[in-house]
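Take a look at the structure set out below.
In the UniProt record's numbering, the protein residues as written are 1 to 97.
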């Protein structure tokens with residue numbers, strides 16, 4: 001078995017890695033929080049959250065707070081499992097010397 005087998009292409013971009021890292025330690029995060037923590041543009045963040053949503057690693061909840069729209073994200077069980085496998089694979093790769 002190759003040492004890179006469990007490295008997941010869905011997490012190969014730093015923004016997606018950041019999104020998942022934030023969501024793994026928080027029950028949820030809204031768009032504004034992710035944007036501020038990752039220091040990215042609206043469009044950039046939207047495209048990367050859409051990519052993670054497409055593979056069902058995060059779920060999206062749209063609501064209104066007062067009259068303002070609010071989009072919040074959380075990990076799915078599949079997303080948590082795949083992200084943990086990805087991190088474990090990276091650790092094995094780093095420690096394999």
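We put the CB at the ideal spot given by N, CA and C, even for glycine.
Would you call the region 81-95 in contact with the region 38-52, where contact means no fewer than 3 C-beta pairs closer than 8 Å?
Short answer: they don't touch.
So the alpha helix (DSSP H) residue 80 belongs to, where does it begin and stop?
Note, residue 80: alpha helix (DSSP H), 77-95.
How big is the Cα-Cα spacing for residue 32 and residue 83?
So the two alpha carbons sit approximately 23 Å from each other.
Going by DSSP in three states, residue 72 sits in which element: helix, strand or coil?
In this structure, residue 72 counts as strand in the three-state DSSP scheme.
Mapping the DSSP letters down to three states, classify residue 8 as helix, strand or coil.
Residue state, collapsed to three classes: coil.
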